[in-house]
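Quick note, the sequences are listed as chains A and B, same order.
Sequence positions in the first sequence follow our numbering and run 32 to 193.
Sequence positions in the second sequence follow our numbering and run 32 to 193.
There are 2 protein chains.
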Amino acid sequence: MVLAKHLSQRRSVTTQLREHGLRMTRQRRVIADVLQQAGEHLDAPEVLRRARLQLPGLHLATVYRALESLKKLGIIDELDLMHVNGHGHYYEARTSKDHMHFTCQRCRTVFEIQDPLFETLKGQIVSRHGFTLRVARLELGGYCEKCTAKAKVEGKKQAASA
Amino acid sequence: MVLAKHLSQRRSVTTQLREHGLRMTRQRRVIADVLQQAGEHLDAPEVLRRARLQLPGLHLATVYRALESLKKLGIIDELDLMHVNGHGHYYEARTSKDHMHFTCQRCRTVFEIQDPLFETLKGQIVSRHGFTLRVARLELGGYCEKCTAKAKVEGKKQAASA
DNA sequence: TTGCCATCTGCGACCTGTTCGCAACTGAGT
DNA sequence: ACTCAGTTGCGAACAGGTCGCAGATGGCAA
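Okay, here's the thing in structure tokens:
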């Protein structure tokens, strides 16, 4: 099942690449696989690290070039995750259901959120403005439930000691 | 009217800074004013250029430090605008009504979009997950209405010549 | 199956956007 | 006015990402 899924996705990636005059190379295949199997958002160095398990000579520049191509084809999405760790970017394979990302600015956990209202909102924007939508990125930042509680406790301590 | 608005906002900025142990300096005041008067999203070098009209010796590093402080206080927001021009960031003063940004990846025009559904969606996320929401950034990319039409024409040309 | 060539890769140098360390300066409380 | 923690200008440094090039390789045609 999982294999079949990957094969079918791979074939479609190959086709999509060809439609844009691009080739399916070993490097691009491995990089796309890494992202599809990860499920999670990875940064470029992490993609490199994982891809090198299968392709030891792979270079970071190639990873960036592949990510760029896959992004243009809409196969992967680029995220910032509120820049909680430097100014780098994160990448993840696009799935059928688009989701949002909430990043806790205290513990740095990233939560993936789905809400049908997101689809509704996107649809409304497209139909109202006549846009062709290719990417939609909703990123949220703040405190997660746990950290909201912890921050409240700390706030009281600080107030008491003052 | 405009002046009064600025004065009131400035006082509140000063207060907010003080609550965090920060001072209202000439530099921060000018930088905050530039952003509030611009209305539009500006990148750091553009903020520097405009602020230097009032404060010629201002340094880019100071601009970055001020933007960082104002961002932490929630007075301004940081945007990527789909990185249509390099990897820099854009900044804008936060207003009462949060809005979304659609960037045309062909002509690079940025459209600001408001939709009450955005507020609803944010509210729903907060209430469902117990998050404390501090920043919400919805960035969209694709083709604007004009460019969608142009791309269609070009697509036909290409198909005909092939 | 081989040959061909446009596309792609590894590599290191490079570039852009942002941050840092430090000495001098300054806002704002007393 | 005095004080001093917080701030600034400055240049050097840093991180993330891009580029140019020479050699390798996909994948089409014969």
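Where a beta carbon is used, it is the ideal one built from N, C-alpha and C, also for glycine.
Being a predicted model, the structure only gives us computed values, none of them experimental.
Residue i: buried (16+ other C-beta within 10 angstroms of its C-beta) or exposed?
i      : result
A:G119 : exposed
B:A63  : buried
B:E170 : buried
B:L34  : Its pLDDT being 42, under 50, B:L34 is placed unreliably by the model, and nothing is read from it.
A:E185 : exposed
A:H90  : exposed
B:Q67  : buried
B:G105 : exposed
B:E176 : exposed
B:G117 : exposed
B:G88  : exposed
B:K36  : Reliability of the predicted coordinates at B:K36 is poor, the pLDDT of 47 falling under 50, and the value obtained from them is presented with this limitation in mind. By the 10 Å Cβ count, B:K36 comes out exposed.
What residue range is occupied by the uninterrupted beta strand (DSSP E) comprising residue i?
i      : result
B:E71  : That residue, B:E71, is in no beta strand (DSSP E); it is neither H nor E in DSSP.
B:R165 : 163 to 174
B:H132 : 131 to 135
B:I107 : 107 to 110
B:V141 : 141 to 144
What distance in whole Å lies between the Cβ atoms of residue j and residue i, which are believed to be in contact at a cut-off of 8 Å?
i      : j      : result
B:E77  : B:E123 : In fact, because the Cβ distance is near 12 Å, the residues do not count as touching under 8 Å.
A:I156 : B:D146 : 7 Å
B:F149 : A:H160 : The Cβ separation is near 14 Å, so there is no contact.
B:L152 : B:Y121 : With 8 Å as the limit, B:L152 and B:Y121 do not qualify as a contact, their Cβ atoms being about 23 Å apart.
B:L86  : B:V61  : 5 Å
A:T93  : A:Q58  : 5 Å
B:D108 : B:R125 : 5 Å
B:L110 : B:H132 : 6 Å
A:G154 : A:M113 : Contact doesn't hold; Cβ gap of about 26 Å is too wide.
Please report the residue range of the alpha helix (DSSP H) in which residue i lies.
i      : result
A:P147 : 147 to 160
A:R96  : 91 to 103
Subject >> Where the stretch 150 to 175 of chain B meets chain A: residues whose CB sits under 9 Å from a CB there >> reply: Listed in sequence order: T151, L152, K153, Q155, I156, V157, R159, H160, G161, F162, T163, L164, R165, V166, A167, R168, L169, E170, L171, G172, G173, Y174, C175.
Original post:
Are there three or more Cβ pairs, one per stretch, closer than 8 Å when the stretch 133 to 145 of chain B is compared with the stretch 148 to 165 of chain A?
Top reply: Touching, per the Cβ criterion.
Original post:
Is the number of C-beta pairs between the stretch 80 to 98 of chain B and the stretch 48 to 55 of chain B that are closer than 8 Å three or more?
Top reply: With the cut-off at 8 Å, the stretch 80 to 98 of chain B and the stretch 48 to 55 of chain B do not touch.
Original post:
Listed from N- to C-terminal order along the chain, which residues in the stretch 136 to 150 of chain B have their beta-carbon within a distance smaller than 9 Å of any beta-carbon of chain A?
Top reply: Of all residues in the stretch 136 to 150 of chain B, only Q136, F142, I144, D146, L148, F149 come within less than 9 Å of chain A when Cβ atoms are compared, listed by chain position.
Original post:
In the stretch 103 to 130 of chain B, which residues sit with their C-beta less than 9 Å from some C-beta in chain A, listed in chain order?
Top reply: Taking 9 Å as the Cβ-Cβ cut-off against chain A, the residues of the stretch 103 to 130 of chain B that qualify are E109, D111, M113, H114, H118, H120.
Subject >> Members of the stretch 43 to 54 of chain A that neighbour chain B once the beta carbon cut-off is set at 7 Å >> reply: So the list is empty, because no residue satisfies the distance condition.
Original post:
What are the residues of the stretch 54 to 83 of chain B that lie near chain A, defined by any Cβ-Cβ distance shorter than 9 Å?
Top reply: Under the 9 Å Cβ criterion, the stretch 54 to 83 of chain B contributes no residue.
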